[in-house]
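Per the numbering used here, residue -17 is the first one in the sequence shown, and the count goes up by one each step.
Note that CB positions come from ideal geometry on N, CA and C, so glycine has one too.
Heads up, the thing below is written out as structure tokens.
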Amino acid sequence: MHILEQIIEYEFKNKELLKTALTHSSYANEMGGDIKYNERLEFLGDSVLGMITAEYLYRMHPEMPEGQLTKLRSTLVCEKSLHRFAESIKLGEFMYLGKGETRTGGRKRPSILADAFESLIAAIFIDSGFDEAKKFVLGFIANAEIDEPTITDYKSTLQEIIQRNHGEILEYFMAGESGPDHNKKFIVEVKLNSNVIGTGEGRSKKQAEQMAAREALKLMGVKV
-17 MHILEQIIEY
-7 EFKNKELLKT
3 ALTHSSYANE
13 MGGDIKYNER
23 LEFLGDSVLG
33 MITAEYLYRM
43 HPEMPEGQLT
53 KLRSTLVCEK
63 SLHRFAESIK
73 LGEFMYLGKG
83 ETRTGGRKRP
93 SILADAFESL
103 IAAIFIDSGF
113 DEAKKFVLGF
123 IANAEIDEPT
133 ITDYKSTLQE
143 IIQRNHGEIL
153 EYFMAGESGP
163 DHNKKFIVEV
173 KLNSNVIGTG
183 EGRSKKQAEQ
193 MAAREALKLM
203 GVKV
């Protein structure tokens, strides 16, 4: 366990917390007795991780609407990401697993490692408080290589941004159409308080509205 503490650059005051975070239920069941395992810590770690990640994204992306923030947070705290974080500190090598889990590759199983990573967060939180847990988590999520979620519904995203300011009126107007019936093109303007903030063109009114909203988002500096 001392080697793991060196890897994560955190020394536990209560070593039992670390041992519990690393103990899988399969080990506790095999050993019998009153051995604590990490499921309760995992429950707490999930909430601590979610709070830290949400605050980080809120501060890092001041213009990103709530829906996109939620998608980005989900990407950062999903099993795939947590498994990758756990592997980067070789967490599986330090776990207490039952013989069956060990034989079947439990030390590399994504679900086990992701749960253990959340348990480790909780253990640090209990041992030293929120600031230390935050320091630990940010060391991973701030450097995570992920793609920001792609906006596919420009109208909804624009609406979310405009709704932050009460009293603002967002409307779409048909500005024109062209072409034969079988190949029409529609032009739509989106207005904010009667001012045009975007113009879009499409083969349907809905598509033109989406393109108008996209242009408005680009003018606002939103990555689309």
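Asked                                                                                                                                                                   : Found
Could you check the C-alpha separation between Gly207 and Ala195 for me, to the nearest Å?                                                                              : Summary: the structure shown does not reach residue 207, with the chain confined to residues -17 through 206, and so no result is reported for it.
Flag this pair as yes or no: are the beta carbons of Leu10 and Leu102 separated by less than 8 Å?                                                                       : The question names Leu, yet the displayed sequence has Ala at residue 10. No.
On a CA-only basis, which of Asp135, Ile94 and Gly87 is nearest Glu61? Give me that one, please.                                                                        : Ile94
So, using beta-carbon positions, are Leu174 and Ile143 closer together than 8 Å?                                                                                        : no
Please give the ranges of any alpha helix (DSSP H) in the stretch 94 to 132, keeping only runs that are unbroken, at least 4 residues long and fully inside the region. : 112 to 123
In terms of residues, what are the limits of the beta strand (DSSP E) holding Phe168?                                                                                   : Lys167 to Leu174
Going along the chain, which residues of its own chain have a beta-carbon closer than 8 Å to the beta-carbon of Asn165, five neighbours each way excluded?              : Arg185
Quick check on this structure: which residue in Ala105, Leu199, Ala126 and Lys18 has the alpha carbon closest to the alpha carbon of Ser138?                            : Leu199
Among Gly180, Asp97 and Asp163, which residue has its Cα nearest to the Cα of Phe155?                                                                                   : Gly180
Please name the residue in Gly15, Ser7 and Glu21 whose C-alpha comes closest to that of Ala105.                                                                         : Glu21
In three-state terms, what does DSSP make of Glu197?                                                                                                                    : helix
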